[in-house]
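**Q**
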Amino acid sequence: MVNILIVEDDTNLRNALIKALSKSQYNCAGAGSLQEAIEAIHQGSYDVVLLDLKLPDAEGVQAIRKVKELSDAKVIVITGYGDIKTAVESIKAGAYDFIQKPFNLDILEADINRAVKEKLTEEENLTLKELIKKGMDYTLETKNPQFAKILSLCEKYAKTDTNILLIGETGTGKEVLARYIHEISHRRDRPFLVVECTCIPHELFESELFGHEKGAFTGASQRKKGLIEMAKGGTLFLDEVGELPTHIQPKLLRFIETKRFRRLGSVKEEFADVRIISATNKDLKALCEKGQFREDLYYRLSVLEIRLLPLRERKEDIPLLVRFFLNRWNKKISTKAMEKLKNYPWKGNIRELKNLIERACILAEEEYIDNYLFASYEKHESLEKELFEDMPDLELLEARYTAYLLKVLKDVDQVAKVLRCSKRTVYRKLKVLKERELNNKG
Numbered sequence: 001m002v003n004i005l006i007v008e009d010d011t012n013l014r015n016a017l018i019k020a021l022s023k024s025q026y027n028c029a030g031a032g033s034l035q036e037a038i039e040a041i042h043q044g045s046y047d048v049v050l051l052d053l054k055l056p057d058a059e060g061v062q063a064i065r066k067v068k069e070l071s072d073a074k075v076i077v078i079t080g081y082g083d084i085k086t087a088v089e090s091i092k093a094g095a096y097d098f099i100q101k102p103f104n105l106d107i108l109e110a111d112i113n114r115a116v117k118e119k120l121t122e123e124e125n126l127t128l129k130e131l132i133k134k135g136m137d138y139t140l141e142t143k144n145p146q147f148a149k150i151l152s153l154c155e156k157y158a159k160t161d162t163n164i165l166l167i168g169e170t171g172t173g174k175e176v177l178a179r180y181i182h183e184i185s186h187r188r189d190r191p192f193l194v195v196e197c198t199c200i201p202h203e204l205f206e207s208e209l210f211g212h213e214k215g216a217f218t219g220a221s222q223r224k225k226g227l228i229e230m231a232k233g234g235t236l237f238l239d240e241v242g243e244l245p246t247h248i249q250p251k252l253l254r255f256i257e258t259k260r261f262r263r264l265g266s267v268k269e270e271f272a273d274v275r276i277i278s279a280t281n282k283d284l285k286a287l288c289e290k291g292q293f294r295e296d297l298y299y300r301l302s303v304l305e306i307r308l309l310p311l312r313e314r315k316e317d318i319p320l321l322v323r324f325f326l327n328r329w330n331k332k333i334s335t336k337a338m339e340k341l342k343n344y345p346w347k348g349n350i351r352e353l354k355n356l357i358e359r360a361c362i363l364a365e366e367e368y369i370d371n372y373l374f375a376s377y378e379k380h381e382s383l384e385k386e387l388f389e390d391m392p393d394l395e396l397l398e399a400r401y402t403a404y405l406l407k408v409l410k411d412v413d414q415v416a417k418v419l420r421c422s423k424r425t426v427y428r429k430l431k432v433l434k435e436r437e438l439n440n441k442g
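Take the sequence shown: its position 56, counting from 1, is numbered 56 in the UniProt record's numbering, and each next residue is one higher.
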């Protein structure tokens, strides 16, 4: 769940925002002054801060700078005294965006989601850079000849600006590979932005991708940059591109061909030098035959194509991956257990393996994790339980793992760090468990 702090001295507006955003599954808190905001930030962690520029104890960019000094949250300024000068000063002071009152709630939510995604991307980029610097990223080490060729292709393709299509099952590391290509390319110092094609509402997709002008539609109170414009000079990663809305496909095709686009509501063309890497677990050719995906767009996106191997086809890499995941826990696994892991048909691929190993490391108090690999939480003390016997549903297993960590660590931030995910993902996993329990009771 996304944590939002609403800093607004108008009590009615603050409470109305808390109520409205809470209905959209955001976790909201309020503050009526900068001092109250500072106290809230000291007591909790926030992904986004909605900040009024005119507070009883602070005005203008002073409040933005103080919030940015204390938190890595994305600051979205909300104010009734907006003008271009104030907007520019706010952005220079560190604000993510500037929204003038009155504003449309749907537009605000889209802005919040984009801010959260960018924050998560920045965190992941930082982690990836550190891993690459240390030579510790698991995709860089392989004993599989086919995967070695894939890495060699990545290094070769990274030297070009040609579009790339990554094809592979869920959990095979398509986004990790896309980030790796970006990090070893000449674009490494420019943005790497992710477009989650399954998560953006169809009616907002054009605005999210290309941006919009003030007055382009109801609630568009100011000009908004799209992800393409924000990614200038860098890489745009289209995740699950097979889900791209049909009305967006011809506009994306035109951008790919010309590097030019128009913000929604504008007649002026803008230029953006962006490298596009796409990923899919679907058969795009089959979608083309069904008329669900433009064939000309498919060929533009797949000038260079990389097919990622499922984990079951690179079994010789499983010991490398297992040791990589075990390393931070200082744990071990027996030869017998390792052989069983190598022979298991990993449907969730690397992601499934990673979650399983880390869960076992948390549960195991002894040096070896064998007895905790697939044991359910209710029965993990039964040491005679055979590996893979009655393996629980993966999604439910991850949810129980998350609940167990929260019980032990008693802090969502710490759980997110252990799982190497966002707090939003932690709350989502807990929601899965709660829904399963309610269904079972029903």
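Ideal Cβ positions, reconstructed from N, Cα and C, are used throughout, including at glycine.
(1) Cutting at 6 angstroms between CB atoms, please list the residues of its own chain near Asn144, excluding the five before and the five after it.
(2) Helix, strand or coil: how does DSSP classify Tyr298 here?
(3) Need the endpoints of the beta strand (DSSP E) that Cys421 sits in, please.
(4) Thr218 by DSSP, collapsed to three states: which one?
(5) Cβ atoms of Leu433 and Ala403: under 8 angstroms apart, would you say?
(6) Kindly indicate which three-state DSSP category Ala29 falls into: helix, strand or coil?
(7) Let me check one thing: in DSSP terms, what residues is Glu59 bridge-paired to?
(8) Count the other CB atoms, across all protein chains shown, that sit within 10 Å of the CB of Val195; report buried if there are 16 or more and exposed otherwise.
(9) Can you tell me which of Leu396, Leu297, Arg351 and Tyr26 puts its alpha carbon nearest to the alpha carbon of Asn439?
(10) What's the gap between the Cα of Lys410 and the Cα of Val116?
(11) Where does Glu358 fall in DSSP's three states?
(12) Within this structure, are the beta carbons of Tyr368 and Ile333 separated by less than 8 angstroms?
(13) Suppose the cutoff is 8 angstroms on Cβ atoms and the five residues either side in sequence are ignored; what does the same chain contact list for Phe103 look like?
(14) Quick one, are the C-beta atoms of Leu308 and Leu177 less than 8 angstroms apart?
(15) At the level of alpha carbons, what is the spacing between Lys23 and Leu430?
(16) For Ile357, which residues in the same chain have their Cβ closer than 7 angstroms to its Cβ, ignoring the five residues on either side in sequence?
(17) Could you name the residues that DSSP lists as bridge partners for Asp273?
(18) With three or more beta-carbon pairs closer than 8 angstroms as the criterion, would you say the region 287 to 304 touches the region 155 to 168?
(19) Tell me where the alpha helix (DSSP H) around Leu264 begins and ends.
**A** Let me spell this out:
(1) As a position in the sequence shown, residue 144 is number 144, starting the count at 1. The residues are Arg314, Glu316 and Asp317.
(2) Residue mapping note: residue 298 aligns to position 298 of the sequence shown, counting from 1. The answer is helix: DSSP assigns Tyr298 an H, G or I state.
(3) Position 421 of the sequence shown, counting from 1, holds the residue named residue 421. Boundaries cannot be given for Cys421, as no beta strand (DSSP E) includes it and DSSP labels it neither H nor E.
(4) Locating residue 218 in the sequence shown gives position 218, counting from the first residue. DSSP places Thr218 in coil when its eight states are reduced to three.
(5) As a working mapping, residue 403 is identified with position 403 in the sequence shown. As a working mapping, residue 433 is identified with position 433 in the sequence shown. Yes, Cβ-Cβ distance for Ala403 and Leu433 is below 8 angstroms.
(6) Counted from its first residue, the sequence shown places residue 29 at position 29. If DSSP states are grouped into helix, strand and coil, Ala29 belongs with the strands.
(7) Taking the first residue of the sequence shown as position 1, residue 59 is located at position 59. Bridge partners of Glu59: Lys54.
(8) Mapped onto the sequence shown, residue 195 falls at position 195. Classification for Val195: buried.
(9) Here the question's residue 439 lines up with position 439 in the sequence shown. Residue Leu396 is the option with its Cα nearest to Asn439.
(10) Position 410 of the sequence shown, counting from 1, holds the residue named residue 410. Position 116 of the sequence shown, counting from 1, holds the residue named residue 116. Spanning the two alpha carbons is a distance of roughly 23 angstroms.
(11) As a first step, residue 358 is located in the sequence shown; it is residue number 358 there, counting from the start. Three-state result, Glu358: helix.
(12) By one-based count along the sequence shown, residue 368 stands at place 368. By one-based count along the sequence shown, residue 333 stands at place 333. Yes, they are a contact pair.
(13) Counted from its first residue, the sequence shown places residue 103 at position 103. If we look at Phe103 and ignore the five residues flanking it on each side, its Cβ neighbours are Ile78, Gly219 and Ser221.
(14) For the purposes of this step, residue 308 is identified with residue 308 of the sequence shown, where counting begins at 1. For the purposes of this step, residue 177 is identified with residue 177 of the sequence shown, where counting begins at 1. Yes; because the gap between Cβ atoms is below 8 angstroms, this pair is in contact.
(15) In the sequence shown, the residue the question calls residue 23 occupies position 23. In the sequence shown, the residue the question calls residue 430 occupies position 430. About 18 angstroms.
(16) As a working note, residue 357 is residue 357 in the sequence shown. Taken in chain order, the residues that qualify are Val322, Phe325 and Leu326.
(17) Your numbering for residue 273 matches position 273 in the sequence shown. Asp273 is not bridged to any residue.
(18) Because the criterion of three Cβ pairs below 8 angstroms is met, the region 287 to 304 and the region 155 to 168 touch.
(19) The residue you call residue 264 lines up with position 264 of the sequence shown. First-last for Leu264: undefined, no H or E at that position.
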